[in-house]
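Each residue of the sequence shown is one higher than the one before, starting from 0 at the first, in numbering that gives the first Met the number 0. Note that CB positions come from ideal geometry on N, CA and C, so glycine has one too. Since the model is a prediction, treat every value here as computed from it, not as a measurement.
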Amino acid sequence: MDIIENIKGAWIQHGPINERIYLMRLGAAEPKGLIALLDRMAVKNSYGKIFAKIPASAWEDFQAAAFIKEAVVPGFFNGETDGLFVAKYFSAERRTVLPRHVEALTAVVGQDAAEAEEAPKEHSQAGRKPMPCTPRDAREMARMYRRVFASYPFPIHDPAYLQRMMHEGVRWYAVRVEDHIAALAAVEIDSANRNAEMTDFATLPPYRGRGFAATLLRHMDGEARALGVKTAYTIARAASRGMNTVFKRGGYRYAGLLRNNSHISGAIQSMAVWYKPL
Ligand SMILES: CC(C)(COP(=O)(O)OP(=O)(O)OC[C@H]1O[C@@H](n2cnc3c(N)ncnc32)[C@H](O)[C@@H]1OP(=O)(O)O)[C@@H](O)C(=O)NCCC(=O)NCCS
């Protein structure tokens with residue numbers, strides 16, 4: 000699995016699975032020095048991409064180092080400073096998006112406004128209340144993720160990883176049917192910056208299309224809002240019509256496309272960023 004480490008005060012994930020460096024948090028790192036170091040690391044390991052989540056105030060340094068903006072989330076930091084999702088590519092192939100990978104996204108983003116705002120269908124089971132997961136659920140959760148994803152950018156197939164993330168404050172919620180997990184999702188709150196990532200959505204195939212993911216999202220929006228979060232966002236597979244539909248119907252706005260960004264469901268895929276002011 001790709002490793003997560005702290006370099007010069009910044010948190011990064013990198014490795015051969017996603018074949019990229021992901022600057023998750025700039026923290027107190029000095030941008031110029033850090034970028035030079037990440038550049039060398041990318042070349043040495045033949046990574047195709049550096050992907051970084053940065054405050055708009057750091058853009059000049061990244062732009063000067065040949066990064067491009069891929070998505071912009073207004074108010075990402077404390078509801079005030081925009082968050083930029085920026086990238087630098089080390090091969091033409093990695094930079095090139097295959098049209099068939101974004102067809103589903105284009106269809107959802109381009110949806111007629113009236114259609115997007117139309118009230119979601121009433122699903123007979125959509126009333127099921129999402130319940131918080133505990134470390135004791137980790138085995139069943141990991142088993143469920145293994146069934147749904149052939150691969151994932153983070154080791155959610157491993158119960159120990161899920162338990163560690165829960166201890167670190169990531170909140171998972173489940174919709175259960177007859178006491179078994181039918182759908183899962185997580186909210187990862189960054190309290191210092193008052194934003195939250197809505198992530199790790201999965202619904203077991205027999206239960207899809209019943210509104211479970213939409214119910215989970217609505218519930219997690221409410222939880223995050225109650226905890227003082229200003230901006231919610233997500234990084235969803237561009238190829239997943241269902242996932243993008245859930246966010247669009249949930250009132251999220253499209254922020255941009257991260258090209259060939261994450262190894263998920265068996266291949267490196269482009270990811271769509273969506274956000275919602277809470
Ligand atoms: C994406 C996923 C989580 C959606 O879960 P779900 O519980 O079936 O979603 P919902 O039933 O809440 O769908 C909400 C809306 O999206 C629509 N939708 C869901 N899947 C859809 C699809 N494949 N195509 C078109 N619309 C779809 C539903 O019709 C529903 O709209 P409605 O309320 O008007 O009927 C599920 O399909 C899944 O687990 N996929 C594989 C894993 C995955 O790709 N996860 C996302 C990783 S980024």
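- Counting only runs of at least 3 residues, the region 9–36 fully encloses the following beta strand (DSSP E) elements, listed from N- to C-terminal order: 9–14 and 19–24.
- Under the DSSP assignment, L257 falls outside any alpha helix (DSSP H), being part of the beta strand (DSSP E) whose first and last residues are R252 to I263.
- For D189, the uninterrupted beta strand (DSSP E) run begins and ends at H179 to D189, by DSSP.
- Nearest to P158 by C-alpha distance, out of Q62, A201, A182 and T133, is T133.
- DSSP places N194 inside the beta strand (DSSP E), whose first and last residues are N194 to T202.
- Between the alpha carbons of R145 and L183 lies a distance of about 12 Å.
- Of the heavy atoms belonging to ligand 1, at least one sits nearer than 7 Å to the Cβ of R209.
- Distances from the alpha-carbon of M143 to those of A201, A86, W171 and S261 put A201 closest.
- Put simply, the backbone Cα of A225 is about 34 Å away from that of N17.
- Contact annotation: V176 and Y206 have beta-carbon atoms nearer than 8 Å.
- Taking a C-beta distance under 8 Å as the contact criterion, G47 and R93 qualify as a contact pair.
- The alpha-carbon of V108 is positioned some 16 Å away from that of Y232.
- Inter-residue distance for A91 and P131 is about 43 Å (C-alpha atoms, whole angstroms).
- Exclusion of G250 from the 7 Å shell around ligand 1 follows from its C-beta lying no nearer than that to any non-hydrogen atom of the ligand.
- A Cβ-Cβ contact shorter than 8 Å links V228 with A195.
- Nearest C-alpha to A238 among A212, G250 and L256: L256.
- DSSP places P131 in the strand class (E or B) of the three-state scheme.
- DSSP places A63 in the helix class (H, G or I) of the three-state scheme.
- Nearest neighbour of I188 by Cα position, chosen from T105, E167, K52 and V245, turns out to be E167.
- Taking the CA atoms as reference points, G221 sits about 11 Å from T214.
- Annotation: F75 to W58 spans about 14 Å, alpha carbon to alpha carbon.
- For G221, the uninterrupted alpha helix (DSSP H) segment begins and ends at F211 to A225.
- Between M0 and P154, the gap from beta carbon to beta carbon is short of 8 Å.
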